[in-house]
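K.L.:
In order, the protein sequence lines correspond to chains A and B. Everything in the first sequence is counted per our numbering, starting at 1 for the first residue and increasing by one. Everything in the second sequence is counted per our numbering, starting at 1 for the first residue and increasing by one. The beta-carbon is built from N, C-alpha and C at its ideal position, and this holds for glycine as well.
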Amino acid sequence: MSKSTLSTQFRKVDVDEYNEDNYTEDVDQTQEDAGPNESEVNSYLMQAKNLDALQVVLKNPPVHSKNQQTKDRALELVIRVLLSFKSSDIEPAVKSLDKDTIDTLMKYIYRGFENPSEKSSAVLLQWHDKASEIGGLGSIIRVLTDRKRV
Amino acid sequence: MTEKHSFGNEPITCHAFNRDRTQVAISSSSNQVHIYALKGGAWEKVYELNEHASRVTSIDWAAQSNRIVTCAADRNAYVWQRDSAGDWKPTLVILRINRAATCVAWSPDENKFAVGSGARLISVCYFEEQNDWWVSKHIKKPIRSTVTCLAWHPNNVLLAAGSSDFKCRVFSTYIKDIDKKPDATPWGTKMPFAELMLELNTSNDCGGGWVHGVSFSPSGNKLAWVAHDSSISVADPANNPIPVTLNTDFLPFRCVQFVNENSIAVAGFDYCPMLFSCNRGINFVRKLDQSEKKEAGKLRYVVFAVAPRVVVTID
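1. Mark T189/B as exposed unless 16 or more other C-beta atoms lie within 10 angstroms of its C-beta, in which case mark it buried.
2. Label W133/B either buried or exposed according to how many other C-beta atoms from any shown protein chain fall within 10 Å of its C-beta, with 16 as the threshold for buried.
3. Which residue's Cα is closest to the Cα of P192/B: T173/B, V115/B, K137/B?
4. Could you check if M46/A is buried or exposed, using at least 16 other CB atoms within 10 Å of its CB as the buried criterion?
5. Which residue from I139/B, K45/B, P186/B, D177/B puts its Cα closest to that of H153/B?
6. Starting from G136/A, find everything on chain B with Cβ-Cβ shorter than 7 Å and list it in chain order.
7. Does the beta carbon of R254/B sit closer than 9 Å to a beta carbon anywhere in chain A?
8. Determine, using beta carbons only, whether W88/B and D60/B come nearer to each other than 9 Å.
9. Only counting the same chain, and skipping five residues up and downstream in sequence, which positions put a Cβ closer than 7 Å to that of I79/A?
10. Check whether the Cβ of S117/A lies closer than 9 Å to any Cβ atom in chain B.
11. Please list, in chain order, all residues of the same chain as F253/B whose beta carbon is under 6 Å from its beta carbon, the five residues on each side excluded.
12. One question on the structure: do T148/B and S163/B come within less than 9 Å of each other, judged by their Cβ atoms?
13. I'd like to know whether the C-beta of D165/B is nearer than 9 Å to at least one C-beta of chain A.
14. Please name the residue or residues paired with Q9/A in a DSSP beta bridge.
15. For the alpha helix (DSSP H) containing Y126/B, name the first residue and the last one.
16. How is I141/A classed by DSSP in three states: helix, strand or coil?
17. Listed in chain order, which residues of the segment 139 to 154 of chain B have Cβ atoms closer than 9 Å to some Cβ of chain A?
18. For L158/B, does the three-state DSSP call read helix, strand or coil?
19. Taking 9 Å as the threshold (beta carbon to beta carbon), is S277/B in contact with chain A?
20. Tell me which residues of the segment 224 to 238 of chain B have at least one Cβ-Cβ distance to chain A shorter than 7 Å, keeping chain order.
21. Determine, using beta-carbon pairs with one atom in the segment 136 to 146 of chain A and one in the segment 238 to 251 of chain B, whether at least three such pairs fall under 8 Å.
22. CA-CA distance, G281/B and F166/B?
23. Would you say N14/A lies against chain B (beta-carbon separation less than 9 Å)?
24. Going by the CB atoms, is the gap between D146/A and G213/B shorter than 9 Å?
25. What does the alpha-carbon distance come out to for the pair E128/B and Q23/B?
26. Using a beta-carbon distance below 9 Å, is G162/B in contact with chain A?
27. Under a Cβ-count criterion, where at least 16 other Cβ atoms within 10 Å of its own Cβ denotes burial, should R120/B be classed as buried or exposed?
28. Buried or exposed for K130/A, going by 16 or more other Cβ atoms inside 10 Å?
29. Between P92/A, K49/A, T101/A, P116/A, which lies nearest to V63/A when the distance is taken from Cα to Cα?
30. Please state whether DSSP places D89/A in a helix, a strand or coil.
31. According to DSSP, is D16/A part of a helix, a strand, or is it coil?
32. Can you list, in chain order, the stretches of the alpha helix (DSSP H) that have 4 or more residues and sit fully within the segment 50 to 111 of chain A?
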């Protein structure tokens, strides 16, 4: 049998590239987000001002950035802040946020779920519980559909 | 005051009421359209429209001229007319699309209808007396994905189309020999055929989701649409260049209808129609289905009778 019939290289060709009507995402060239201000957040955490740290860390999510590192750094920062809260403090903290910030918080919570560490999942679940009470199912839907990803 | 009527065991794909709501044309996930008539409080099947080769995706019933237009996944549309014997006779409309038709709507004057399709274009069809057949004209640019929903402006020229490229657009469908020249509207003054009057994003920036439903207000000055990111948006270009969006807590809505100039009714995956007001921002008013029992199946359409009585189809 001739060997070439066993070749599956053709399966690696992306035929959609060659389709002239191909849908391409709108390239957003305008903003390069830097993400939340690290030093500010760190200083709040050291002073045990968790609430302020939370507000700052959720304020400028790097949604437009193409740099994966910026996004990963922001995620790490957010998770650190979330883990620093005591269980009883989570509910009032969520209540202090506005609608759009809760959507951002939800996005980070789900990203945090993707890489579970020793105790992060349990804490994140508590945050998820309180956030979804206020944000409703709509905030979870927006994690899935919003093309501005953290 | 809600009435519940059952039409078999299959999900209802699409439906259309006649002018006085005594008859309804329904298609339940099949190639056929069944016409039911209201006899003594119950719906009885009186006719079967059997012409499409695959699943019927949308039906519209012209109130004044009593014609039905159906479109299906077989890339065709048929206009059905009642003859003297009371039978519905189909006329094929060549849409010239190479993908399934998704939605169809008669224009307010019923001399045209628009068909949205997966071929990323809208087919606007009108009847040409000379050749005695329906002609279609295409609106293609700049639609980049499937057209999911359509709504006509009361001036019979402007057409709003929601699409799965996350945008809602208003086009002009002015056809020289059929339409009178339209007056200026908040959506623009010059309206040649296929002119894009306005392109609106769902939600803000490039967030958003597929647009599931779109509706003009009774005056035509406002446009509301609902998208898969659980948002409701209302555009009012006369008063505000930027549309107002509300990100709701509910699951996404599938359909939207203006009840009057300031209220919209929506329904969707939460199994419950809801009322929102759109005066000064969009605000939740109340759920329209007060019963606690969960009805099965997501709502696809909300239809309003002349007096604000809601007739809901649940599949």
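P.N.:
Once the coordinates are examined:
1. Working through the second sequence from its first residue, we reach residue 189/B at position 189. Taking all protein chains shown into account, T189/B has fewer than 16 neighbouring C-beta atoms within 10 Å of its C-beta and is therefore exposed.
2. Your numbering for residue 133/B matches position 133 in the second sequence. Burial check for W133/B: the Cβ neighbour count within 10 Å stays below 16, so the residue is exposed.
3. Position 192 of the second sequence, counted from the start, is the residue given in the question as residue 192/B. Among T173/B, V115/B, K137/B, the Cα nearest to that of P192/B is on T173/B.
4. The count along the first sequence starts at 1 and reaches residue 46/A at position 46. Under this definition M46/A is an exposed residue.
5. Translated into the one-based positions of the second sequence, residue 153/B becomes position 153. For the residues I139/B, K45/B, P186/B, D177/B, the minimum Cα distance to H153/B belongs to P186/B.
6. Looking up residue 136/A in the first sequence gives position 136. Residues of chain B whose Cβ lies closer than 7 Å to the Cβ of G136/A are, in chain order, D249, F250.
7. Residue mapping note: residue 254/B aligns to position 254 of the second sequence, counting from 1. So, not an interface residue.
8. Stepping through the second sequence from its first residue, residue 88/B is reached at position 88. Stepping through the second sequence from its first residue, residue 60/B is reached at position 60. No. Outside cutoff.
9. If you number the first sequence from 1, residue 79/A lands on position 79. Non-local C-beta neighbours of I79/A in its own chain, meaning closer than 7 Å and more than five positions away in sequence, comprise G112, S120, ordered along the chain.
10. Sequence index remark: in the first sequence, residue 117/A carries index 117 (1-based). It does not; no Cβ of chain B falls within 9 Å.
11. Counted from its first residue, the second sequence places residue 253/B at position 253. A distance below 6 Å between beta-carbons, with the five flanking residues on each side excluded, links F253/B to the following residues of its chain, in chain order: V226, V266, G268.
12. Taking the second sequence and counting its residues from 1, the one referred to as residue 148/B is at position 148. Taking the second sequence and counting its residues from 1, the one referred to as residue 163/B is at position 163. Yes. Within cutoff.
13. For the purposes of this step, residue 165/B is identified with residue 165 of the second sequence, where counting begins at 1. In terms of beta-carbon proximity, D165/B lines the interface with chain A, with at least one pair separated by less than 9 Å.
14. Translated into the one-based positions of the first sequence, residue 9/A becomes position 9. Residue pairing from DSSP leaves Q9/A without any beta-bridge partner.
15. For the purposes of this step, residue 126/B is taken as residue 126 along the second sequence, with counting starting at 1. Looking at the DSSP string, Y126/B is not in any alpha helix (DSSP H); the run it does join, the beta strand (DSSP E), is 122 to 128.
16. Locating residue 141/A in the first sequence gives position 141, where the first residue counts as 1. Here I141/A sits in helix by DSSP.
17. For the segment 139 to 154 of chain B, the set of positions with a beta-carbon nearer than 9 Å to some beta-carbon of chain A reads R144, S145 in chain order.
18. Your numbering for residue 158/B matches position 158 in the second sequence. Assigned with DSSP and collapsed to three states, L158/B falls in strand.
19. Position 277 of the second sequence, counted from the start, is the residue given in the question as residue 277/B. Interface criterion not met: the Cβ of S277/B is under 9 Å from no Cβ in chain A.
20. So the close ones are H228, D229, S230.
21. Yes, the segment 136 to 146 of chain A is in contact with the segment 238 to 251 of chain B.
22. Taking the second sequence and counting its residues from 1, one reaches residue 281/B at position 281. Taking the second sequence and counting its residues from 1, one reaches residue 166/B at position 166. Answer to the nearest angstrom: the Cα atoms are 21 Å apart.
23. Within the first sequence, numbered from 1, the residue matching residue 14/A stands at position 14. The identity of residue 14/A in the sequence shown is Asp, whereas the question assumes Asn. No, no contact with chain B.
24. By 1-based counting over the second sequence, the position of residue 213/B is 213. By 1-based counting over the first sequence, the position of residue 146/A is 146. Not a contact, by the Cβ cut-off of 9 Å.
25. Counting from one through the second sequence, the residue named residue 128/B turns up at place 128. Counting from one through the second sequence, the residue named residue 23/B turns up at place 23. The alpha-carbon atoms of E128/B and Q23/B are separated by roughly 29 Å.
26. Your numbering for residue 162/B matches position 162 in the second sequence. It does not: the Cβ of G162/B has no partner Cβ on chain A nearer than 9 Å.
27. For this step, residue 120/B is matched to residue 120 along the second sequence. Residue burial is scored here from C-beta neighbours: R120/B has at least 16 other C-beta atoms within 10 angstroms and is therefore classed as buried.
28. Start at 1 with the first residue of the first sequence, and residue 130/A comes out as number 130. Classification for K130/A: buried.
29. Within the first sequence, the letter at position 63 stands for residue 63/A. Distance from the Cα of V63/A is smallest, within the candidate group P92/A, K49/A, T101/A, P116/A, for T101/A.
30. If you number the first sequence from 1, residue 89/A lands on position 89. The answer is helix: DSSP assigns D89/A an H, G or I state.
31. Walking along the first sequence from the start, residue 16/A turns up at place 16. Three-state DSSP puts D16/A in a helix.
32. The segment 50 to 111 of chain A is shown to contain whole alpha helix (DSSP H) runs of 4 or more residues at 50 to 57, 68 to 83, 87 to 95, in chain order.
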